[in-house]
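A quick write-up on the structure given underneath.
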Amino acid sequence: MWPYGDGAARTCQREDPAVSGKRKGMSDEPWQFHFDPTTYLDAVRAELPDYDELQDRIAQATEGIDARSIMDLGVGTGETISRVAQRHPLARIVGIDESPEMLDVARQRLPGAEFLVGRLEDPLPDGTFELVVSALAVHHLDGPAKADLFQRVAQRLSPAGRFVMADVVVPEDPSDAVTPIDGVYDKPSSVSEQLSWLDDAGLNASVLWSRRDLAILIAERR
Ligand SMILES: C[S@@+](CC[C@H](N)C(=O)[O-])C[C@H]1O[C@@H](n2cnc3c(N)ncnc32)[C@H](O)[C@@H]1O
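Residue numbering for the sequence shown follows our numbering, starting at -7 and increasing by one per position.
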């Protein structure tokens, strides 16, 4: 999602690796995008009026699963996982994000959870999870990387597990493409492509909810 209006929840900076050091999991590209946790929430709500409804719907979609372990991919400041954790108070929580700054905020909100700096393209943490959730993060991967991630998610889902993913998608009707997309850091795919990649990963996937260029997909192991 880009640009983030004047609020600039995300900034684009040129990083000099000689100065900043190359963080584990960061790409070699000279341009790096960073979300600013101090402005993120206001800006994303301004840009996606359905943001809070989306988050609530993800949390609702986790009901009915007896979750001992939950993983959030692209956890950011913890908006999704906070809502999910309320429904699964005894579950172990693991969140992954490439932004240490976003994770600092998530840690303050959920001190008992484990937050890991990492990229979704990297191997996922060991173990199995009854729930894997992700909101507005997977569209930062290109098509092959999404398909690869779905394979790795399927490997981490417990037999009765569920993957709930909400994201910006390429809508069937171009006039529904209302979320600002930069085409560089944002690489949305269509719902049908993603259902196909989830199917290839051995998951039964379906659309739980959609509105214009937002969709929530739900997938369970066959
Ligand atoms: C739009 S924010 C969404 C955050 C949160 N899930 C939410 O719903 O508010 C996207 C998040 O994905 C993270 N992100 C983007 N690309 C990533 C990647 N390749 N690997 C890990 N995290 C990534 C960003 O750092 C950011 O925190």
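Note that CB positions come from ideal geometry on N, CA and C, so glycine has one too.
If you're wondering where the values come from, they're calculated on a predicted model, not measured in any experiment.
Checklist line | Candidates Ala207, Leu141, Arg148, of which the one nearest Trp189 by Cα | finding: Within the sequence shown, numbered from 1, the residue matching residue 189 stands at position 197. Trp189 has its Cα closest to that of Leu141, out of Ala207, Leu141, Arg148.
Margin query: With a threshold of 7 Å on Cβ separation, who are the neighbours of Ser42 within its own chain once the five nearest residues in sequence on each side are excluded?
Written below: On the sequence shown, residue 42 is found 50 positions in, with the first residue counted as 1. A small fix is needed here, since residue 42 is Asp in this sequence, not Ser. Counting only Cβ-Cβ distances below 7 Å, and skipping sequence neighbours, we find Arg203, Leu206.
Checklist line | ligand 1 heavy atom lying under 7 Å from the CB of Ser167 | finding: Position 175 of the sequence shown, counted from the start, is the residue given in the question as residue 167. Result no, Cβ not under 7 Å from ligand 1.
Next item on the list: Please state whether DSSP places Gly88 in a helix, a strand or coil.
Entry: Numbered from its first residue, the sequence shown carries residue 88 at position 96. Note on identity: in this sequence residue 88 is Ile, with Gly being the wrong assignment. In the displayed model, Ile88 falls within a strand according to three-state DSSP.
Margin query: For a test of your reading of the model: does the CB of Asp91 fall under 7 Å from any non-hydrogen atom of ligand 1? Yes or no.
Written below: Locating residue 91 in the sequence shown gives position 99, where the first residue counts as 1. As written in the sequence, residue 91 is Ser, which differs from the Asp given in the question. Result yes, Cβ under 7 Å from ligand 1.
Notebook entry, point to check: Are the segment 148 to 156 and the segment 100 to 113 in contact at 8 Å, needing three or more beta carbon pairs?
Noted result: The answer is no - the segment 100 to 113 does not touch the segment 148 to 156, with fewer than three Cβ pairs under 8 Å.
Notebook entry, point to check: For Gly68, which option in Leu82, Val161, Glu90 has the closest C-alpha, if you only look at C-alpha atoms?
Noted result: What you label residue 68 is simply residue 76 of the sequence shown in a count that begins at 1. Sorting Leu82, Val161, Glu90 by C-alpha distance to the C-alpha of Gly68 places Glu90 at the top.
Item checked: Per-residue burial, Thr30 [other beta carbons within 10 Å of its own, 16 or more giving buried] -> The sequence position of residue 30 within the sequence shown is 38, counting from 1. Exposed: under 16 other Cβ atoms inside 10 Å.
Checklist line | Whole-Å CB distance - Trp51 paired with Val86, under 8 Å assumed | finding: As a first step, residue 51 must be located in the sequence shown, where it is residue number 59. As a first step, residue 86 must be located in the sequence shown, where it is residue number 94. It should be pointed out that residue 51 corresponds to Ala in this sequence rather than to Trp. The pair is not a contact, with the Cβ atoms about 17 Å apart (cut-off 8 Å).
Notebook entry, point to check: Is Ala129 near ligand 1, judged by its Cβ being under 7 Å from some heavy atom?
Noted result: Taking the sequence shown and counting its residues from 1, the one referred to as residue 129 is at position 137. Yes, since a heavy atom of ligand 1 falls inside the 7 Å radius drawn around the Cβ of Ala129.
Item checked: CA-to-CA distance, Ala211 to Ser198, given in whole angstroms -> Counting from 1 along the sequence shown, the entry for residue 198 is found at position 206. Counting from 1 along the sequence shown, the entry for residue 211 is found at position 219. Cα to Cα, Ser198 sits roughly 6 Å from Ala211.
Next item on the list: Would you check if the distance between the CB atom of Val124 and the CB atom of Val145 is smaller than 8 Å?
Entry: Taking the sequence shown and counting its residues from 1, one reaches residue 124 at position 132. Taking the sequence shown and counting its residues from 1, one reaches residue 145 at position 153. Their beta carbons are under 8 Å apart, which means Val124 touches Val145 by this criterion.
Check: Are Leu133 and Leu112 touching if we call contact CB-CB under 8 Å?
Finding: Reading the sequence shown from its first residue, position 141 is the one you call residue 133. Reading the sequence shown from its first residue, position 120 is the one you call residue 112. For Leu133 and Leu112, yes; Cβs fall inside 8 Å.
Notebook entry, point to check: So, is Leu65 buried or exposed, given that buried needs 16 or more other C-beta atoms within 10 angstroms?
Noted result: For this step, residue 65 is matched to residue 73 along the sequence shown. With 16 or more Cβ atoms within 10 Å of its Cβ, Leu65 is classed as buried.
Margin query: Taking only three categories from DSSP, how would you classify Pro117?
Written below: Position 125 of the sequence shown, counted from the start, is the residue given in the question as residue 117. Residue state, collapsed to three classes: coil.
Item checked: Cβ-Cβ distance between Arg213 and Leu195 below 8 Å -> Within the sequence shown, numbered from 1, the residue matching residue 213 stands at position 221. Within the sequence shown, numbered from 1, the residue matching residue 195 stands at position 203. Closer than 8 Å, so yes.
Next item on the list: Starting from the Cα of Ala163, find the closest Cα among Glu55, Glu45, Lys179 and give me that residue.
Entry: The count along the sequence shown starts at 1 and reaches residue 163 at position 171. As written in the sequence, residue 163 is Pro, which differs from the Ala given in the question. For Pro163, the nearest C-alpha among the options comes from Lys179.
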